[in-house]
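Using the working numbering, you'd call the opening residue of the sequence shown number 1 and step up by one each time.
For every residue, glycine included, the Cβ atom is placed at its ideal position computed from N, Cα and C.
Model, not experiment: these values are computed from the prediction.
First comes the structure, then the notes that go with it.
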Amino acid sequence: MASHADYKAAKEAFVSGMTGSTVHHVNNISLVAFASLALYLSIRTRLPSPKPPAFLPSFALLVAPLLLSMTLAAHRPLLLACALALPAALLCALLPRRETGTPLPHASPRRADTTTHTGERLAALSAYRAHMMLETVLAILAVDFPVFPRALAKCETYGVSFMDLGVGAFVFAQGVGSARALVHDASYARRPLAPKLAHAARRSAPVLALGLARVLLVKGTQYPEHVSEYGAHWNFFLTLAALPVLQVLLHPLLARMPAALLALLVAGAHELVLGAGLAAYVLHAPRVSLVSANKEGLASLPGYLAIQLLGLSAGTVVLPPSPAHYRRQQRAAASSARPDSAPPRAKPPAPRESDKAAAELFSYAAIYWALLGACSLGGLQVSRRLANLPYVAWVVAHSASALLLYVVLLELLFAPRARARYSPVSGLKLRDADAGGAAPLAEAPPLLDAVNRNSLALFLLANVATGVVNLSMRTMHASDARALGVLGAYALGFCGVAWAARERRLISF
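Below, the structure written as structure tokens:
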């Protein structure tokens with residue numbers, strides 16, 4: 001049996017030197033998540049189902065397909081997506097949607113709340129973040145087993161892969177969430193920097209602590225590490241902790257230009273600096289100082305900052321009731337800043353316009369797919385290690401497309417209908433216009449909502465569990481059957497904790 005040092009070296013080689021897959025392949029793997037959600041929603045809306053949904057059926061429909069898509073079905077993910085989508089389509093075509101209203105003629109249900117200004121319970125965003133989190137936590141352990149194709153592991157320098165997309169999507173989701181403050185108050189970017197910096201630093205402190213703890217644990221246990229991923233000491237937690245503070249530093253510019261424009265300026269300037277010599281430094285310079293030892297993590301920050309800003313821009317589209325809401329609020333805030341202006345009048349909450357949000361997300365995604373194509377034609381290759389312009393374009397194009405599909409599925413195709421209302425006089429069902437009601441907000445599946453609710457705590461748990469598994473067994477030599485057994489138990493335990501804690505927050509800050 002190989003010594004610990006020999007196994008550590010072999011394990012590091014096992015996850016190093018990868019060249020990736022293709023954009024098409026990664027897209028097909030992502031389609032499995034959407035197809036599984038479509039099947040779940042078809043069953044819930046067409047067949048008698050328990051309320052609330054049971055845990056194990058939800059796990060089987062929403063999580064197990066994700067694990068299969070990156071292991072046994074990784075070479076033919078489109079076939080798995082079709083196998084999930086076909087029964088969903090048949091259910092929708094052959095069975096009518098079940099009535100969701102109350103059958104009692106004398107009942108008078110309360111008017112549904114149809115507005116959201118912060119997106120706290122926005123179904124599409126909850127599902128997007130939850131599936132992104134599930135794919136991430138499954139991949140960080142699965143990559144240590146041979147059953148996970150090497151083409152899906154992070155690329156060494158250039159190329160696209162499923163795991164390369166995951167870290168960028170995580171940052172994009174962080175940016176979408178950061179838009180809440182601006183959507184709630186469009187003048188937020190104009191406020192003094194010092195209090196906002198203190199607030200951002202306080203919220204980033206737990207993530208920073210996790211990043212530092214990970215450094216100490218990895219070095220103290222001689223855990224196998226991929227140094228060229230972020231550097232000798234840097235890790236993804238430190239990147240996540242730094243980005244909110246860097247974003248606040250750009251608020252004076254955000255108050256004067258669209259977030260998307262600022263993001264493209266940051267990404268473009270970063271690409272110019274990379275071309276001027278930074279890329280050569282990152283890829284070839286020896287690690288002789290603290291800065292050079294962590295050159296990948298430090299040099300990639302501008303690219304990840306651009307992704308986060310573009311996520312913020314997308315957040316201003318999907319979080320308010322209407323995509324135009326934030327732009328109107330911005331103009332009102334700019335005009336109210338003038339001394340001679342009257343204070344803006346408060347307006348009643350508006351109904352959510354999911355179709356308009358979908359249209360804007362479609363155009364948003366199309367722009368960045370086109371930018372990725374232009375980069376490819378110009379000879380620029382995607383590099384997560386550098387977080388260059390093509391990487392930014394790819395991550396944002398894919399993430400916007402994913403968010404669009406969640407909006408279409410949850411808020412348009414399977415949107416909840418207004419509850420049935422009956423006349424107290426005749427007992428007859430009223431038409432929608434006469435009932436005066438509005439369709440309630442869509443809701444994400446409870447399991448996905450539970451994962452999204454405690455995402456930070458669950459991500460920490462997943463990292464700890466990954467370390468425990470790797471320290472307790474030699475994953476690189478595990479058979480496919482044993483690997484799937486371990487991964488299945490890991491996924492079931494992860495989701496079980498999320499389900500058990502679905503009514504409370506495990507970490508509050």
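- Leaving aside the five residues that flank ASP449 on each side, the residues in its chain whose CB is nearer than 6 Å to its CB run, in chain order, SER126.
- With respect to the C-alpha of TRP499, the residue from SER58, ILE29, LEU47, LEU41 having the closest C-alpha is SER58.
- Counted as a single uninterrupted DSSP element, the alpha helix (DSSP H) harbouring GLN308 occupies residues 301-318.
- Separation of PRO52 and LEU95 (C-alpha to C-alpha, rounded to the nearest whole angstrom) is 21 Å.
- A check of alpha carbon separations from GLY175 across GLN330, ALA314, MET476, LEU152 identifies ALA314 as the nearest.
- Take the alpha-carbon of THR71 and the one of LEU371: they are about 31 Å apart.
- With the rule of 3 Cβ pairs closer than 8 Å, the region 476-489 does not count as touching the region 152-161.
- DSSP places PHE459 in the uninterrupted alpha helix (DSSP H) bounded by 455-472.
- Assignment of alpha helix (DSSP H) within the region 248-282, counting only whole runs of 4 or more residues, yields 251-254, 259-273 in chain order.
- Annotation: PRO206 to THR466 spans about 20 Å, alpha carbon to alpha carbon.
- Secondary structure of CYS495 (DSSP, three-state): helix.
- If you draw a straight line from the Cα of GLU411 to the Cα of ARG331, it is about 28 Å long.
- In the structure shown, MET70 adopts coil according to DSSP, grouped into three states.
- In this structure ILE507 is exposed. Its beta-carbon is surrounded by fewer than 16 other beta-carbon atoms within 10 angstroms.
- If only uninterrupted alpha helix (DSSP H) runs of at least 4 residues are considered, those enclosed by the region 1-51 are 4-14, 23-46.
- Cβ contact annotation for LEU456 (same chain, cutoff 6 Å, sequence separation greater than five): ILE507, in chain order.
- Put simply, the backbone Cα of LEU312 is about 29 Å away from that of ALA276.
- For the options GLN222, LEU134, ARG505, the alpha carbon positioned closest to that of ALA491 is the one of LEU134.
- Taking the C-beta atoms as reference points, CYS155 is found no nearer than 8 Å to ASP144.
- In the three-state scheme derived from DSSP, where H, G and I count as helix and E and B as strand, PHE362 is classed as helix.
- For LEU403, same chain residues with a beta-carbon under 7 Å away, outside a window of 5 residues either side, are ALA124, TYR128, ALA314, VAL318, LEU361 in chain order.
- Close CB contacts of GLU443 within its chain, under the 6 Å cut and outside five residues either way in sequence, are with ALA123 (chain order).
- Around the beta carbon of LYS219, a 10 Å sphere encloses fewer than 16 other beta carbons of the protein chains shown; the residue is thus reported as exposed.
- Nearest Cα to LEU305 within the set ASN294, SER30, TYR223, HIS270: HIS270.
- Between TRP234 and GLY297, the gap from beta carbon to beta carbon is short of 8 Å.
- The C-beta of GLN222 has fewer than 16 other C-beta atoms within 10 Å across all chains shown, which makes the residue exposed.
- Rounded to the nearest angstrom, the Cβ distance from ALA81 to ALA139 is 17 Å, too far for a contact under 8 Å.
- Here ALA123 carries a helix assignment [DSSP, helix/strand/coil].
- The straight-line gap separating the alpha-carbon atoms of ARG453 and ALA64 is approximately 20 Å.
- Within the same chain, Cβ atoms closer than 7 Å to the Cβ of ALA260 are found at LEU310, SER313, the five residues on either side in sequence being excluded.
- Where LEU506 is concerned, there is no enclosing alpha helix (DSSP H), because DSSP gives it neither an H nor an E.
- Judged by DSSP in its simplified three-state form, TRP234 adopts coil rather than helix or strand.
- A direct Cα-Cα distance of roughly 45 Å separates ARG46 from CYS375.
- Counting the other Cβ atoms within 10 Å of the Cβ of GLY268 gives fewer than 16, which makes it exposed.
- With a 10 Å radius around the Cβ and a threshold of 16 neighbouring Cβ atoms, HIS398 comes out buried.
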